[in-house]
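J.: The structure that follows is given in the form of structure tokens.
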Amino acid sequence: MRKVFPVLLAVGLLAALLPGVLSASLRPGEWPDWRGPARDGKSPDRGLLKAWPEGGPKLLWQATGIGSGYSTVTVAGGMVYTSGLANDELRISAFSMNGEPAWSVPFGPECTNRPGARSTPVFDEGRLYIVSGTGRIGCFDAKSGARRWSREMSEFGGKAHAWGYAESPLIYENLVIVTPGGPSCIVALDKKTGEQVWASKGVSMPAHYGSCIAATHAGIPMIIAGTGGGILAVSAKDGSLLWQNDFCAKNTANIPTPVYSDGYVFWANGYRKGGICLKLTAANGSVTAEEAWRTTEMDCQIGGYVVLDGGVYGNHRNGWTCLDLKTGEVKWFARGVGKGQMCYADGMLYLFNEMNGTAGLAAFSPDGLEMRGQFQVAGQGTSWAYPVVTGGRLYLRYDDNLYCFDVKAG
4 MRKVFPVLLA VGLLAALLPG VLSASLRPGE WPDWRGPARD GKSPDRGLLK AWPEGGPKLL
64 WQATGIGSGY STVTVAGGMV YTSGLANDEL RISAFSMNGE PAWSVPFGPE CTNRPGARST
124 PVFDEGRLYI VSGTGRIGCF DAKSGARRWS REMSEFGGKA HAWGYAESPL IYENLVIVTP
184 GGPSCIVALD KKTGEQVWAS KGVSMPAHYG SCIAATHAGI PMIIAGTGGG ILAVSAKDGS
244 LLWQNDFCAK NTANIPTPVY SDGYVFWANG YRKGGICLKL TAANGSVTAE EAWRTTEMDC
304 QIGGYVVLDG GVYGNHRNGW TCLDLKTGEV KWFARGVGKG QMCYADGMLY LFNEMNGTAG
364 LAAFSPDGLE MRGQFQVAGQ GTSWAYPVVT GGRLYLRYDD NLYCFDVKAG
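Numbers in my numbering are just positions in the sequence shown, counted from 1, shifted up by 3.
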């Protein structure tokens, strides 16, 4: 079944028809955040197809006219959210689970260098949080789209890099955390009011295009961020610096989100920079980070990576690779669907080519990659949106098109 909707003309169409559809509590099968519930690219879904039929899984619905861009979807509270660029302004849009447009609201100008929406809306307790390419931070009511508050990165001394801000805000307890860059490199705001709670101390690094993660090591909560000056961690309690490392792609682009696993932090970038793995050590109530290894064998411009059973699986130039998390040893390289983005669900990797809309399903192990099906979706230009698998559905965003497929087994 195919549905096509001119979303930007449907503001408020279903908002009045869906009372109580949103819930402050998250339910199984939701994907409320950038890269999933834990920001690690992993879906908790089970019972999914282990191979796709020729032509791909069943299309449930398609929406067009969501605006151009690279924003991934968020699925929470019985709704689907994303953002897009239309008529030179950023818009945030909501759909029912059947693909019906619910609301679409503007959020001011978007970055004009490589036009398109960047940030993925993040859902928390009935609210959505987003950052525009120009550095506007916003909080919206997830049911109606009404704006609750907004701030500007420039208020904290932030300055956008060449292609604007691209991060998706991090929700940590009662805080929304963003990376303005500069002397207040990382800032925590009260998620309900937007008031500043703390700003990072002891470090000044320029913002680039990645998103923060929260991790706890030896009982010490940290906020970890990749920036234009390196990777760092600050205390989640007050923003004080815990550790930093100047590994980065310098003045080109630092984009992928770091991952934390089993006492290690891994971060990779493209532009032939590669990746670094840091081993964390806790002592005297603080944490230090020592370089374990670095590699040029995961040259990951945008597509991301996941850590599974001691292996780092991710995009490397025009294909996919597996590295040993603790040693950096290359286990394999495979072409797959070519350069693109990924996520993990139910023992499989979901791959999405950034140039031609090819989605692929792959079985994997430390020994290799085996394709179990692929198909193409229509779109134009470059697609940097990550695939999302949640609730037995695969969501693919290609420019101003959003597709939803049924990937449940049986």
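All C-beta atoms in this analysis are idealised placements derived from N, C-alpha and C, irrespective of residue type, glycine included. Fair warning: this is a prediction, and the values are worked out from it, not measured in the lab.
Can you say whether D48 is buried or exposed, counting buried as having 16 or more other CB atoms within 10 angstroms of its CB?
T.: One-based indexing of the sequence shown puts residue 48 at position 45. So D48 counts as buried.
J.: Taking Y398 as the reference, give the member of A366, A348, E198, G242 with the closest Cα.
T.: Indexing the sequence shown from 1 puts residue 398 at position 395. Of the candidates A366, A348, E198, G242, the one whose C-alpha sits nearest the C-alpha of Y398 is A348.
J.: Which of helix, strand or coil does DSSP assign to S157?
T.: Position 154 of the sequence shown, counted from the first residue, corresponds to residue 157. Residue state, collapsed to three classes: helix.
J.: With 16 as the cutoff for other CB atoms within 10 Å, does P118 come out buried or exposed?
T.: Position 115 of the sequence shown, counted from the start, is the residue given in the question as residue 118. Exposed: under 16 other Cβ atoms inside 10 Å.
J.: Any idea what DSSP makes of D402, helix, strand or coil?
T.: As a first step, residue 402 must be located in the sequence shown, where it is residue number 399. In the structure shown, D402 sits in coil (DSSP, three-state: anything other than H, G, I, E or B).
J.: Straight-line CA distance for V7 to C325?
T.: Against the sequence shown, residue 7 aligns to sequence position 4. Against the sequence shown, residue 325 aligns to sequence position 322. With a pLDDT of only 39 at V7, under 50, the local geometry of the prediction cannot be trusted, and no value is derived from it.
J.: Would you say L63 and F408 are within 8 Å of each other, going by their C-beta atoms?
T.: Sequence index remark: in the sequence shown, residue 63 carries index 60 (1-based). Sequence index remark: in the sequence shown, residue 408 carries index 405 (1-based). Contact: yes.
J.: Return yes when the Cβ of G70 is within less than 8 Å of the Cβ of A120, no when it is not.
T.: Translated into the one-based positions of the sequence shown, residue 120 becomes position 117. Translated into the one-based positions of the sequence shown, residue 70 becomes position 67. Cβ atoms of A120 and G70: closer than 8 Å.
J.: Could you tell me if N272 is buried or exposed, where buried requires 16 or more neighbouring beta carbons within 10 angstroms of its beta carbon?
T.: Within the sequence shown, numbered from 1, the residue matching residue 272 stands at position 269. By the neighbour-count rule (16 or more Cβ atoms within 10 Å), N272 is buried.
J.: Within 10 angstroms of the Cβ of R396, are there 16 or more other Cβ atoms? Answer buried if so, exposed if not.
T.: Residue mapping note: residue 396 aligns to position 393 of the sequence shown, counting from 1. Looking at its Cβ environment, which holds 16 or more other Cβ atoms inside 10 Å, R396 is buried.
J.: With distances taken Cα to Cα, identify the nearest neighbour of L281 among L311, I227, S368.
T.: Locating residue 281 in the sequence shown gives position 278, where the first residue counts as 1. When only C-alpha atoms are compared, the closest one is I227.
J.: Please report how far the alpha carbon of A362 lies from the alpha carbon of A381, in whole angstroms.
T.: Position 359 of the sequence shown, counted from the start, is the residue given in the question as residue 362. Position 378 of the sequence shown, counted from the start, is the residue given in the question as residue 381. One C-alpha to the other measures close to 11 Å.
J.: Which two residues bound the contiguous beta strand (DSSP E) that contains C142?
T.: Sequence index remark: in the sequence shown, residue 142 carries index 139 (1-based). C142 -> beta strand (DSSP E) spans 139 to 144.
J.: Is it buried or exposed, L195, if we count other Cβ atoms within 10 angstroms and call 16 or more buried?
T.: As a first step, residue 195 is located in the sequence shown; it is residue number 192 there, counting from the start. Note that residue 195 is Lys in the sequence shown here, rather than Leu. The residue is exposed, with fewer than 16 neighbouring Cβ atoms inside 10 Å.
J.: What's the C-alpha gap between R5 and G376?
T.: For this step, residue 5 is matched to residue 2 along the sequence shown. For this step, residue 376 is matched to residue 373 along the sequence shown. For R5, the pLDDT reaches just 40, beneath the cut-off of 50, and the residue's location in the model is therefore unreliable, although a value from the coordinates is still provided. Rounded to the nearest angstrom, the two C-alpha atoms are 21 Å apart.
J.: Assign L281 to one of three DSSP states: helix, strand, or coil.
T.: For the purposes of this step, residue 281 is identified with residue 278 of the sequence shown, where counting begins at 1. Of the three classes helix, strand and coil, the one that applies to L281 here is strand, per DSSP.
J.: Confirm, please, whether the CB-CB distance from G278 to M301 is below 8 Å.
T.: Residue numbering aside, residue 301 sits at position 298 when the sequence shown is read from its first letter. Residue numbering aside, residue 278 sits at position 275 when the sequence shown is read from its first letter. Yes; because the gap between Cβ atoms is below 8 Å, this pair is in contact.
J.: Check I226 in the structure and name its three-state DSSP category.
T.: Within the sequence shown, residue 226 is the residue found at index 223, counting from 1. If DSSP states are grouped into helix, strand and coil, I226 belongs with the strands.
J.: Of all the options W201, I258, W37, which has the alpha carbon lying nearest to the alpha carbon of A79?
T.: Taking the sequence shown and counting its residues from 1, the one referred to as residue 79 is at position 76. Nearest C-alpha to A79: W37.
J.: So, G313 versus K329, is the Cβ gap smaller than 8 Å?
T.: Within the sequence shown, residue 313 is the residue found at index 310, counting from 1. Within the sequence shown, residue 329 is the residue found at index 326, counting from 1. Going by C-beta atoms, G313 is nearer than 8 Å to K329.
J.: Where does P104 land, buried or exposed, given buried means 16+ other C-beta within 10 angstroms?
T.: Taking the first residue of the sequence shown as position 1, residue 104 is located at position 101. Buried, since its Cβ has 16 or more Cβ neighbours within 10 Å.
J.: In this structure, how does DSSP classify L352 when only helix, strand and coil are distinguished?
T.: In the sequence shown, the residue the question calls residue 352 occupies position 349. Here L352 sits in strand by DSSP.
J.: From P183 to S157, what distance separates their C-alpha atoms?
T.: Here residue 183 is taken as the residue at index 180 of the sequence shown, counted from 1. Here residue 157 is taken as the residue at index 154 of the sequence shown, counted from 1. Roughly 7 Å between the two C-alpha positions.
J.: Are the Cβ atoms of V268 and L283 separated by less than 8 Å?
T.: Here residue 268 is taken as the residue at index 265 of the sequence shown, counted from 1. Here residue 283 is taken as the residue at index 280 of the sequence shown, counted from 1. Contact: yes.
J.: For I69, which of helix, strand or coil comes out of DSSP?
T.: By one-based count along the sequence shown, residue 69 stands at place 66. Coil.
J.: I think V420 touches P172, with their Cβ atoms under 8 Å apart; what is that distance to the nearest whole Å?
T.: In the structure as shown, the chain starts at 4 and stops at 413, and residue 420 therefore has no counterpart that could be examined.
J.: M345 and G59 - do their beta-carbons sit closer together than 8 Å?
T.: Sequence index remark: in the sequence shown, residue 59 carries index 56 (1-based). Sequence index remark: in the sequence shown, residue 345 carries index 342 (1-based). Result no, Cβ atoms of G59 and M345 do not sit closer than 8 Å.
J.: Check whether the Cβ atoms of I234 and W201 lie closer than 8 Å to each other.
T.: The residue you call residue 234 lines up with position 231 of the sequence shown. The residue you call residue 201 lines up with position 198 of the sequence shown. No. Outside cutoff.
J.: Which residue's Cα is closest to the Cα of D402: V410, A412, G360, D370?
T.: Here the question's residue 402 lines up with position 399 in the sequence shown. The candidate whose alpha carbon is nearest that of D402 is G360.
J.: If you draw a straight line from the alpha carbon of K162 to that of S122, how long is it in whole angstroms?
T.: Indexing the sequence shown from 1 puts residue 162 at position 159. Indexing the sequence shown from 1 puts residue 122 at position 119. Roughly 16 Å between the two C-alpha positions.
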